[in-house]
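Visitor: Structure in C-alpha cells, see below.
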Amino acid sequence: MFRCLLFFSLLIHSSLAQKSSGGSGTSSPTKWKTLNGDKPVVIARGGFSGIFPDSSEFAVDMATTSSMGDVVLYCDLQLTKDGIGICQPDIKLDNTTDIAMVFPKGEKTYTVNGQDLKGWFAVDYTSDELFNNVTLVQNVLSRPSLFDGAMSVQAVDDIVGRKTVNLLWLNVQYDGFYNEHKHSPATYVQKVVRYYPVDYLSSPEIGFLKAMKGKVNKARTKLIFRFLAEDAVEPSTNQTYGSILKNLESIKAFASGILVPKEYIYPVGTDKYLGAPTSLVADAHKQGLEVYASGFANDNPASFNYSYDPTSEYLQFIDNSEFSVDGLLTDFPPTASETIGKALIISHNGASGNYPGCTDLAYQQAIDDGSDIIDCSVQMSKDGVAFCLDSADLSGDTTAMPTFMSQSTVIPEIQQNSGIFSFDLTWSEIQSLKPQLVSPFGSDAGFQRNPANKNKGKFVTLSEFLELAKSKAVSGVLINIENAAYLASKKGLGIVDTVSKALSNATLDKQSTQQVLIQSDDSSVLSQFKNVSTYKRVLTIEEKISDAPKQPVEEIKKYADAVTVTRPTIMPISESFLLSNTSVIDEMHAANISVYVSVLRNEYISLAFDYFADPILELATYVAGFGVDGIITEYPATANKYMRSPCFDLNAKEAILPVQPGSLIGIIQGAEPPAEAPAPVLEVSDIVDPPLPPVVANVSSNSPPAPAPDAKHSSALKEVANLGLSLAVIVALGLLF
Numbered sequence: 079m080f081r082c083l084l085f086f087s088l089l090i091h092s093s094l095a096q097k098s099s100g101g102s103g104t105s106s107p108t109k110w111k112t113l114n115g116d117k118p119v120v121i122a123r124g125g126f127s128g129i130f131p132d133s134s135e136f137a138v139d140m141a142t143t144s145s146m147g148d149v150v151l152y153c154d155l156q157l158t159k160d161g162i163g164i165c166q167p168d169i170k171l172d173n174t175t176d177i178a179m180v181f182p183k184g185e186k187t188y189t190v191n192g193q194d195l196k197g198w199f200a201v202d203y204t205s206d207e208l209f210n211n212v213t214l215v216q217n218v219l220s221r222p223s224l225f226d227g228a229m230s231v232q233a234v235d236d237i238v239g240r241k242t243v244n245l246l247w248l249n250v251q252y253d254g255f256y257n258e259h260k261h262s263p264a265t266y267v268q269k270v271v272r273y274y275p276v277d278y279l280s281s282p283e284i285g286f287l288k289a290m291k292g293k294v295n296k297a298r299t300k301l302i303f304r305f306l307a308e309d310a311v312e313p314s315t316n317q318t319y320g321s322i323l324k325n326l327e328s329i330k331a332f333a334s335g336i337l338v339p340k341e342y343i344y345p346v347g348t349d350k351y352l353g354a355p356t357s358l359v360a361d362a363h364k365q366g367l368e369v370y371a372s373g374f375a376n377d378n379p380a381s382f383n384y385s386y387d388p389t390s391e392y393l394q395f396i397d398n399s400e401f402s403v404d405g406l407l408t409d410f411p412p413t414a415s416e417t418i419g420k421a422l423i424i425s426h427n428g429a430s431g432n433y434p435g436c437t438d439l440a441y442q443q444a445i446d447d448g449s450d451i452i453d454c455s456v457q458m459s460k461d462g463v464a465f466c467l468d469s470a471d472l473s474g475d476t477t478a479m480p481t482f483m484s485q486s487t488v489i490p491e492i493q494q495n496s497g498i499f500s501f502d503l504t505w506s507e508i509q510s511l512k513p514q515l516v517s518p519f520g521s522d523a524g525f526q527r528n529p530a531n532k533n534k535g536k537f538v539t540l541s542e543f544l545e546l547a548k549s550k551a552v553s554g555v556l557i558n559i560e561n562a563a564y565l566a567s568k569k570g571l572g573i574v575d576t577v578s579k580a581l582s583n584a585t586l587d588k589q590s591t592q593q594v595l596i597q598s599d600d601s602s603v604l605s606q607f608k609n610v611s612t613y614k615r616v617l618t619i620e621e622k623i624s625d626a627p628k629q630p631v632e633e634i635k636k637y638a639d640a641v642t643v644t645r646p647t648i649m650p651i652s653e654s655f656l657l658s659n660t661s662v663i664d665e666m667h668a669a670n671i672s673v674y675v676s677v678l679r680n681e682y683i684s685l686a687f688d689y690f691a692d693p694i695l696e697l698a699t700y701v702a703g704f705g706v707d708g709i710i711t712e713y714p715a716t717a718n719k720y721m722r723s724p725c726f727d728l729n730a731k732e733a734i735l736p737v738q739p740g741s742l743i744g745i746i747q748g749a750e751p752p753a754e755a756p757a758p759v760l761e762v763s764d765i766v767d768p769p770l771p772p773v774v775a776n777v778s779s780n781s782p783p784a785p786a787p788d789a790k791h792s793s794a795l796k797e798v799a800n801l802g803l804s805l806a807v808i809v810a811l812g813l814l815f
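Under the numbering used here, read the sequence shown as residues 79 to 815, first letter to last.
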C-alpha cells in the first residue's frame, strides 16, 4: 500500500509541477488601467527601508524575498570623492549613517540648487573611508533602530551584483551639484549601463535627462522626469515644477514617464481628508507618459479616508474606475506587491459559513476575516424597506415557515418551488423572525454548520449595511439586485431606485475611496447604473457555460465591467472529479472583463477530489492557476489566510501549487466518469434582457400572476448537486489506496 501511495503522490505532484511551469489553464488577469495595460510595478525605495536602514544589504534582500513578483530596487545615486557611486537617499549622509560620529569635524556647508545645506557630504570622502568606517542607521525615529550600525554603506556595484536584484531604478537628484565638484553623474551612469542593466533612470533635472537621451538605450532604460514640490524650482529651466506640470507634452521630448508625489494625484486637505482626484494620470497617459507615484509608507498615514489601512491607499491609486498609476514607490514593498498581486476576497452573504447570512454578525465576521468586499443581496419588504438577504424566499434563511405558512405561494417568475416571499410581509413582520444558519447542502447531507450560532444576529437594512461598510472602511461593497422587473410590475416596488437612493444617501456615488460593485443577472438593471462612473457593474452568469465567443463577450462590455461565473464554468466536473478547463477566463480577460468565481465553501462535500479535501488547494487553483480577479466565498478567513501566505506566490520556494484539472482522474486509464452533455456556449440572447417595466402604483394583492420571463438562469443548487460527494465513493477511494 505504501508503494501505491508513493506512486500516487509522485504522479499528482508531477502534474502540479507541469501546471505551475505554464501548463494549460493559466490566464493573464484583466488589463489594468495603466498606460500599457500591464500591472503596476512596485518600486522599493532603498529596498525595504520601512524596517531596515535605507539601501542596506538587509533592506535590498528583504525587498525582493518578502514581496511577490518582480520588485524594482530604487537607488538614490550619490558620488564619493573618488567618483564611486553609492546608494543613499540624501546628498547629506548624517541622517542615514553614523558619519558625524566617525568624522566629527567633517561638517561643511554647500549651496545645492540655490539653498545652503550644512552637513556631511559623500563628495568629501573617498569610497574606502566610507566603506571601511561608516555604518548605516535608520533615519525615521518611529522605525526600529535595532539594525543600526550592523551594515556598511553600499556601492552601486555591490547592490546590483546581488542575486536578489533583478530590476534597478537609479535616481540622479543632484547632477548640477556633482558637476560643480568635477564629478559627472552622466559619465558614471554610462559606465554602469555597460555592465549592468538599468531599467529606469530618473532625475528632477531636465538638463540631465536631455543629456542622457542619446547615451542610454531607450529600449532598455526608461528615462523618467521626477517632479518635486510644486513650488520648488527646476534648476535647468528656473521654472517651478507646478508650471512644468501644465505642459506635459514638452516632457515627452526627453522622458517616457513621470514620477510625482502622490498628492499630485489625490490632494489631501489640511484636515487630512482626500480631495477630488486630479486629471494628471489621464492627461499624462494621453501624452503617452507613464505615471509613477511616490511617498507611500505604511507607517505614514496620508488621510483619514484610509483608516490606517495601507492596502486601501494603494488600491486608491491602482484599482479605481478611472485610472491606475504605472508604479508605486514605497518604503514597504511587500504590502504594495500583495495588494497588486492578490484577487479580491468577496463575501457571500457575509461570513455565512459561520453565522446566519446577511446578519450583522455575519458582516462583522467577514470584515474581521479580511474581506475586501462585503456583499448585500437586496430584498424588499411589502412596505418598501430594502434589506439584505440571500433570497426573496424567507422560508430557508429565516424562521418564517411556522409563523407565515399561510403566506406560502408559488411565483414561477422567481422560483419553481413555493415560498414565503419578503415582498408579501411588512418590515415589522420580517423583524419578528429570527435568522437561520442553514447548510447549503441540505439537512440530510450531514454537514451542519455551527449550531451554537444557528439563530444569532439580526437582519440588516440596506442603509445599515452601507453605514457599516463606511464606518469600518472596508475596501468596497457589492450590491446584488434580482427580480427587479417582477417587483416593479407586480408589486409596485422600485428596487433599482431604492438602491440608487441608498447609495446616494451614503455619498458612495460621490467618492472613489471605496469600491461599489453593482451585480445583477439582468442587463437592464446594470444599464440603470451606467451614468455613475465610479461604480463597477458585474453581470451574473448563473448557467454553466463551456465557451464565451467574441460576440456575446462584446455584448457584455456594453453593460458590465466584470462577470460572476460558477465554478464548473471554469473547470467542468463530473462525480466530483475535475475533467478539464474552459477558456472562458481567457476570453473575458481578452476583452478586459474581470472574472469572479462563486461560490467557494470549505466543506469537503463542495470540493472536487482533486483538491484532497483542502479548500486552500481550490483557492490556489482559481487564483494562482487561472488568474481569477475575485473569489466569492462563505469563508473569507480561509481565503485571507491563503492570500497572506508567502506560499501564495508561485515564485516562492514553497509555493502552494494549483491543481491540473483532469490529472487525478487521468492516473488510472479508463477510470473516467461517464461523459456529460457539454455545457451550452454563451450567446448574445443570454446577455440582453428587455427594458425594465415602470413601477406600477397601487398594485392589488389579487393581481393575476405575470407571465414568466425567459428562464436563462438556473438555481445555484445545480452546482451543489454536481459537487455532491458520495460516501460510497469515499470508501471506494480509501480501499483503492
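By construction, the Cβ of each residue, glycine as well, lies at the ideal position given by its N, Cα and C atoms.
If you're wondering where the values come from, they're calculated on a predicted model, not measured in any experiment.
(1) How long is the line joining the alpha carbons of V816 and A584, rounded to whole angstroms?
(2) Starting from Y613, follow its DSSP beta bridges and name the residues at the other end.
(3) Identify whether M290 lies in helix, strand or coil by the three-state DSSP scheme.
(4) List the residues that DSSP assigns as beta-bridge partners of E312.
(5) Alpha carbon to alpha carbon, how far is E258 from S372? Give it in angstroms, no decimals.
(6) Take N210 as the anchor and find which of I177, E560, A691 has the nearest alpha-carbon.
(7) Could you tell me whether the region 518-528 touches the region 555-570, using the rule of 3 or more Cβ pairs below 8 Å?
(8) Report all residues from its chain with a CB closer than 6 Å to the CB of S779; omit the five preceding and five following residues, and keep chain order.
(9) Report all residues from its chain with a CB closer than 6 Å to the CB of F395; omit the five preceding and five following residues, and keep chain order.
(10) Looking at G703 and I663, is the spacing between their C-beta atoms short of 8 Å?
(11) Please identify the residue among M479, I498, P480, T477 whose C-alpha is closest to the C-alpha of T487.
(12) Rounded to a whole number of angstroms, what is the C-alpha to C-alpha distance between K170 and I329?
(13) Please list the terminal residues of the continuous beta strand (DSSP E) segment that includes D194.
(14) Considering Y274, what are the terminal residues of the beta strand (DSSP E) in which it resides?
(15) Going by C-alpha distance, which of Q232, R240, S223 is nearest A200?
(16) Locate the beta strand (DSSP E) running through M458, then write down its first and last residues.
(17) Going by DSSP in three states, E621 sits in which element: helix, strand or coil?
(18) If I follow the unbroken beta strand (DSSP E) through W247, where does it start and stop?
(19) Here's the rule I'm using: 16 or more other beta-carbon atoms within 10 Å means buried, otherwise exposed. How should Y351 be labelled?
(20) Quick one: residues in its chain with C-beta nearer than 7 Å to the C-beta of P826, no 5 flanking neighbours on either side, listed in chain order?
(21) For V445 and S510, I'd like the C-alpha separation in whole angstroms.
(22) Express the C-alpha separation of D277 and V345 in angstroms, rounding to a whole number.
(23) For S102 and L678, I'd like the C-alpha separation in whole angstroms.
(24) Can you confirm whether the region 158-172 touches the region 281-298 when touching is taken to mean that 3 or more C-beta pairs between the two stretches lie within less than 8 Å?
(25) Between Y188 and the rest of its own chain, which residues show a CB-CB distance below 8 Å, the 5 nearest in sequence each way excluded?
(26) Could you compute how far the alpha carbon of A698 sits from the alpha carbon of S415?
(27) Counting only runs of 4+ residues fully inside the region 469-557, write out the alpha helix (DSSP H) ranges in chain order.
(28) Using three-state DSSP, classify E258 as helix, strand or coil.
(29) For K536, I'd like the list of residues in its chain whose CB is within less than 7 Å of its CB, leaving aside the five on either flank, ordered along the chain.
(30) Considering only residues of the same chain and omitting the five flanking positions on each side of F305, which have a CB-CB separation below 8 Å?
(31) May I have the straight-line CA-CA distance separating Y637 from D688, to the nearest angstrom?
(32) Could you give the DSSP three-state label for P722: helix, strand or coil?
(33) Tell me the rounded alpha-carbon separation between V516 and N427.
(34) Can you give me the start and stop residues for the alpha helix (DSSP H) that P630 sits inside?
(35) Which residues mark the beginning and the end of the beta strand (DSSP E) in which D692 is found?
(36) Within 10 angstroms of the Cβ of I745, are there 16 or more other Cβ atoms? Answer buried if so, exposed if not.
Guide: Reading from the atomic positions:
(1) With the chain represented from 79 up to 815, any question about residue 816 goes unanswered, as that position is not in the structure.
(2) By DSSP's assignment, Y613 forms a beta bridge with V594.
(3) Helix.
(4) In the DSSP output, where bridge partners are listed per residue, E312 has Q317.
(5) Those two C-alpha atoms are separated by around 28 Å.
(6) Comparing Cα positions, the closest option is I177.
(7) Because the criterion of three Cβ pairs below 8 Å is not met, the region 518-528 and the region 555-570 do not touch.
(8) Bear in mind that a pLDDT of 45 at S779, under 50, signals an unreliable position, so the number given afterwards is only what the model happens to contain. Excluding sequence neighbours, S779 sits near nothing in its chain.
(9) Taken in chain order, the residues that qualify are A371, V403.
(10) In this structure, G703 does not lie closer than 8 Å to I663 by Cβ.
(11) Cα-wise, what sits closest to T487 is I498.
(12) CA-to-CA, the gap between K170 and I329 works out to about 29 Å.
(13) Residues 193-197.
(14) It is not in any beta strand (DSSP E) - Y274 carries neither H nor E in the DSSP assignment.
(15) Comparing Cα-Cα distances from A200 to each of Q232, R240, S223, the minimum goes to Q232.
(16) DSSP places M458 in the uninterrupted beta strand (DSSP E) bounded by 451-458.
(17) Per DSSP, reduced to three states, the secondary structure at E621 is coil, with no helix or strand assignment.
(18) Note, W247: beta strand (DSSP E), 245-249.
(19) Exposed is the call here.
(20) In the structure as shown, the chain starts at 79 and stops at 815, and residue 826 therefore has no counterpart that could be examined.
(21) Note that residue 445 is Ile in the sequence shown here, rather than Val. Note on geometry: alpha-carbon atoms of I445 and S510 lie some 26 Å from one another.
(22) Checking the sequence, you will find Pro at residue 345 rather than Val. Going by C-alpha positions, P345 is about 29 Å away from D277.
(23) Summary for S102: the model assigns pLDDT 38, below 50, so the residue's position carries little reliability; its value from the coordinates is reported in the next sentence. Distance between the alpha carbons of S102 and L678: 22 Å.
(24) Not touching, per the Cβ criterion.
(25) Cβ neighbours of Y188 beyond the five flanking positions: D194, L195, F199, F255.
(26) The alpha-carbon atoms of A698 and S415 are separated by roughly 17 Å.
(27) Every alpha helix (DSSP H) stretch that sits fully inside the region 469-557 and reaches 4 residues is listed by chain position as 472-475, 478-481, 505-509, 540-549.
(28) Helix, per DSSP.
(29) For K536, where only same-chain residues beyond five positions count, the Cβ hits under 7 Å are T437, D438.
(30) Counting only Cβ-Cβ distances below 8 Å, and skipping sequence neighbours, we find P282, Y319, I322, L323, I336, L337, V338, P339, Y342.
(31) When rounded, the separation of the alpha-carbon atoms in Y637 and D688 is 36 Å.
(32) Pro is not the amino acid found at residue 722; the sequence shown has Arg there. Residue state for R722 is assigned as helix, using DSSP reduced to three classes.
(33) Rounded to whole angstroms, V516 to N427 spans 12 Å at the Cα level.
(34) DSSP places P630 inside the alpha helix (DSSP H), whose first and last residues are 628-637.
(35) That residue, D692, is in no beta strand (DSSP E); it is neither H nor E in DSSP.
(36) Residue burial annotation: I745 is exposed, with fewer than 16 other C-beta atoms found within 10 angstroms of its C-beta.
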